[in-house]
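A.B. asks: Take a look at this one; I'll ask things after.
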Amino acid sequence: MTACGGAYSPEVRRKYFISGPQWAAAYNGSALFHAPTRPAIGFEEVIRKYGEIGVQYWCTHDTDVIATSALGRPEQAEILGRIKAALDKYGVRCSMVTAETFYDAVWAAGPAAESPDVREYAKFRVRNNVEIGHELGANFAVYWPGSLGYYVQGAVEETSTLRWYAEALNAACEHDIEIARRKNRPTLKHCLEAKPFEPQAEILLPTSDAMLAFISSGLLTHPEMVGLNPEYLHELMWGAAPRAVLARALLAGKLFHLDINDGYRLKHDVDIGVGLVNPLDWLNVLILLRSHNYTGPFNLDYKPPRTTSQFGVFEVSFPTAVDRFITLWEMAGEAIADPIIKEATDALKAGGAPSGDPRAGQGDAQAITAAHRELLTLHELIAHRLVQILIGAHRGRVFSIG
Ligand code: GLT
Ligand code: MN
Ligand code: MN
338 MTACGGAYSP
348 EVRRKYFISG
358 PQWAAAYNGS
368 ALFHAPTRPA
378 IGFEEVIRKY
388 GEIGVQYWCT
398 HDTDVIATSA
408 LGRPEQAEIL
418 GRIKAALDKY
428 GVRCSMVTAE
438 TFYDAVWAAG
448 PAAESPDVRE
458 YAKFRVRNNV
468 EIGHELGANF
478 AVYWPGSLGY
488 YVQGAVEETS
498 TLRWYAEALN
508 AACEHDIEIA
518 RRKNRPTLKH
528 CLEAKPFEPQ
538 AEILLPTSDA
548 MLAFISSGLL
558 THPEMVGLNP
568 EYLHELMWGA
578 APRAVLARAL
588 LAGKLFHLDI
598 NDGYRLKHDV
608 DIGVGLVNPL
618 DWLNVLILLR
628 SHNYTGPFNL
638 DYKPPRTTSQ
648 FGVFEVSFPT
658 AVDRFITLWE
668 MAGEAIADPI
678 IKEATDALKA
688 GGAPSGDPRA
698 GQGDAQAITA
708 AHRELLTLHE
718 LIAHRLVQIL
728 IGAHRGRVFS
738 IG
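Heads up, the sequence shown stops at 739 in our numbering, and the numbers go up one at a time, no gaps.
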């Protein structure tokens with residue numbers, strides 16, 4: 338790490354709204370075809386390490402820190418007390434809490450199953466999660482409805498399931514309003530996170546766009562409290578352009594929270610560290626977010642490599658992920674201010690090269706095309722400039738085999 342150079346200090350890292358999930362740091366290497374490879378690690382150690390690295394915010398699932406059987410019981414208050422003490426001690430803040438509605442067997446048919454008992458239990462879990470959030474000082478709640486769907490067709494009636502799912506979200510929002518009033522705190526921002534596949538075979542809300550439609554479907558009693566937590570890789574997984582997904586969310590005013598990581602198109606959820614696969618696309622995503630003043634969290638929802646030691650997780654995996662993000666964010670600022678990109682963009686907006694042909698301004702397709710022959714040339718020039726910024730070539734860096 339020392340030989341690599343280019344690391345930011347913890348003080349610098351703390352200036353960014355970067356959050357580290359409990360589950361990412363505590364990931365033990367297990368998966369469907371993979372045995373665990375790392376020992377269990379609790380919240381005290383994770384929070385301490387995040388504090389040292391300079392990851393200023395921490396987030397968690399309810400069951401990452403509280404056993405399912407202890408939720409809503411006196412033991413919950415005792416654990417929350419210990420979490421608050423650890424956050425205080427290590428100078429870290431809780432940004433987000435999320436209810437696990439996919440792992441336990443109770444969710445086999447999802448959180449909006451036909452059984453009223455399951456649905457009542459789902460309401461308890463999301464209401465309790467809101468309470469945990471307020472208790473820990475969080476401002477965001479995330480919902481990943483990965484088990485909202487089915488394996489075999491025909492038994493599940495999609496419109497009923499979606500209505501029932503809305504009832505759970507409504508319960509969370511209504512409870513939030515009550516608690517926020519009681520505690521004199523702002524209500525949480527409730528963020529839906531889509532993933533196109535896993536763990537159900539067919540998912541009812543597979544993409545961020547599906548979720549935008551759901552938010553404005555009329556089923557929610559407080560749609561203004563509900564927005565999105567897109568995950569970069571989850572959008573790549575269905576073949577989308579993540580930047581376009583984020584643009585649609587921004588236009589709808591619903592980009593509340595963002596899970597940052599990397600991976601491959603049309604493959605499973607590999608959760609690779611941000612910028613390791615698609616650094617150029619990430620630069621472009623951050624240019625979009627910076628130019629639209631996105632102020633929400635950047636949540637490091639990735640998995641440190643499977644055989645990496647606990648030492649490696651905190652000495653290499655997390656700090657490098659944070660530092661790549663910061664570098665790309667700062668480069669995005671540089672790209673926004675870049676005089677060449679600006680000149681090319683201004684020329685595009687002015688309408689390309691003036692042809693002097695008066696028919697161009699009179700709706701003549703041929704004349705317009707001729708007058709704007711270099712439009713895509715300028716697109717290519719901008720793309721070249723962005724790659725130059727990414728690799729440092731804009732600062733005179735060149736390679737030669739001569
Ligand atoms: C699960 C999922 C992640 C989500 C988590 C939030 S759960 O690990 O794969 O992308 O962000 O509940
Ligand atoms: Mn995620
Ligand atoms: Mn993922």
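Cβ coordinates follow ideal geometry from the N, Cα and C atoms, glycine included.
Do the region 465-473 and the region 485-505 meet, that is, are 3 or more Cβ pairs less than 8 angstroms apart?
C.D. replies: Not touching, per the Cβ criterion.
A.B. asks: Between the alpha carbons of E671 and E457, how many angstroms are there, rounded?
C.D. replies: Using only the alpha carbons, I get a separation of about 51 angstroms.
A.B. asks: Does DSSP put S356 in a helix, a strand or coil?
C.D. replies: Three-state DSSP puts S356 in a strand.
A.B. asks: Thinking Y639 and D660 are a contact (beta carbons under 8 angstroms), I'd like their distance in whole angstroms, please.
C.D. replies: With 8 angstroms as the limit, Y639 and D660 do not qualify as a contact, their Cβ atoms being about 14 angstroms apart.
A.B. asks: Between S754 and V582, which are expected to be in contact by the criterion C-beta below 8 angstroms, what is the C-beta distance as a whole number of angstroms?
C.D. replies: The requested residue 754 is not part of the displayed model; the chain covers only 338 to 739.
A.B. asks: Determine whether the beta carbon atoms of L637 and I597 lie at a separation below 8 angstroms.
C.D. replies: Contact flag set, yes.
A.B. asks: Taking the alpha-carbon positions, what's the H559 to N521 distance?
C.D. replies: Between H559 and N521, the C-alpha separation is close to 19 angstroms.
A.B. asks: Relative to the C-alpha of A363, which candidate in R350, H527 and Y387 has its C-alpha closest?
C.D. replies: Looking at the Cα atoms, Y387 is the closest of the given residues.
A.B. asks: Could you round the C-beta distance between G610 and S654 to whole angstroms and report it? I think they count as a contact, below 8 angstroms.
C.D. replies: Contact flag correct, Cβ pair sits at about 7 angstroms.
A.B. asks: Taking L588 as part of the alpha helix (DSSP H), name the residues at either end of that continuous run.
C.D. replies: Its alpha helix (DSSP H) spans residues P579 to L588.
A.B. asks: Which value, in whole angstroms, describes the spacing of the CA atoms of A459 and D441?
C.D. replies: Distance between the alpha carbons of A459 and D441: 12 angstroms.
A.B. asks: Mind reading off the beta-carbon distance from Y353 to F593? Whole number of angstroms is fine, and I expect it under 8 angstroms.
C.D. replies: The pair is not a contact, with the Cβ atoms about 17 angstroms apart (cut-off 8 angstroms).
A.B. asks: Can you determine whether any heavy atom of ligand 2 sits closer than 7 angstroms to the C-beta of E530, and answer yes or no?
C.D. replies: True, at least one ligand heavy atom lies under 7 angstroms from that Cβ.
A.B. asks: Residues in the same chain with beta-carbon distance under 7 angstroms from E437, minus the five sequence neighbours each way, listed in chain order, please.
C.D. replies: Answer for E437: H398, D399 and T400, listed in chain order.
A.B. asks: DSSP three-state call for V607: helix, strand or coil?
C.D. replies: DSSP places V607 in coil when its eight states are reduced to three.
A.B. asks: Give me the Cα-Cα distance between L715 and L525, rounded to the nearest whole angstrom.
C.D. replies: Looking at the two C-alpha atoms, the distance is approximately 43 angstroms.
A.B. asks: With a floor of 3 residues, list each beta strand (DSSP E) that falls wholly inside the region 359-444, ordered by position along the chain.
C.D. replies: The qualifying runs are 394-398 and 430-435.
A.B. asks: Measure the alpha-carbon distance for T405 versus N365 and round it to whole angstroms.
C.D. replies: For T405 and N365, the distance between alpha carbons rounds to 19 angstroms.
A.B. asks: Assuming V479 and E539 are in contact, meaning their beta carbons sit under 8 angstroms apart, how far apart are those beta carbons, in whole angstroms?
C.D. replies: The Cβ separation is near 22 angstroms, so there is no contact.
A.B. asks: Relative to ligand 2, what is the chain-ordered list of residues with a Cβ closer than 5 angstroms to any of its non-hydrogen atoms?
C.D. replies: That gives E568, D596 and D638.
A.B. asks: Where do the N-terminal and C-terminal ends of the alpha helix (DSSP H) with F593 fall, by residue?
C.D. replies: Counting along the chain, F593 falls outside any alpha helix (DSSP H), and DSSP gives it neither H nor E.
A.B. asks: Name the DSSP bridge partner or partners of K679?
C.D. replies: K679 pairs with nothing; no bridge assigned.
A.B. asks: Decide if the region 546-554 is in contact with the region 483-498; the criterion is three or more beta carbon pairs, one per stretch, under 8 angstroms apart.
C.D. replies: No, they do not touch.
A.B. asks: Report whether the distance from the Cβ of D608 to the nearest heavy atom of ligand 3 is below 7 angstroms.
C.D. replies: Because some heavy atom of ligand 3 lies under 7 angstroms away, the Cβ of D608 counts as near it: yes.
A.B. asks: My assumption, with CB atoms under 8 angstroms, is that R743 sits in contact with Q413. Please give the rounded CB distance.
C.D. replies: Here the chain comprises residues numbered 338 to 739, so residue 743 is not present and cannot be evaluated.
A.B. asks: For Y601, which residues of its own chain have a beta-carbon under 8 angstroms away from its beta-carbon, when the five flanking residues on both sides are left out?
C.D. replies: Excluding residues within five positions, the ones whose Cβ falls inside 8 angstroms are L573, V607 and V614.
A.B. asks: Among I355, E389, P376 and F370, which one has its Cα closest to the Cα of S346?
C.D. replies: Per the Cα distances, E389.
A.B. asks: Can you tell me whether A478 is helix, strand or coil according to DSSP?
C.D. replies: A478: strand per DSSP, three-state reduction.
A.B. asks: Whose CA, out of G555, A492 and P567, lies closest to the CA of H527?
C.D. replies: Comparing Cα-Cα distances from H527 to each of G555, A492 and P567, the minimum goes to P567.
A.B. asks: What do you reckon, is the C-beta of H471 under 7 angstroms from a heavy atom of ligand 4?
C.D. replies: With respect to ligand 4, the structure shown offers nothing to examine, as its ligands consist of ligand 1, ligand 2 and ligand 3.
A.B. asks: On the DSSP bridge assignment, give the partners of H709 in chain order.
C.D. replies: DSSP, once it has assigned bridges, lists no residue as partnering H709.
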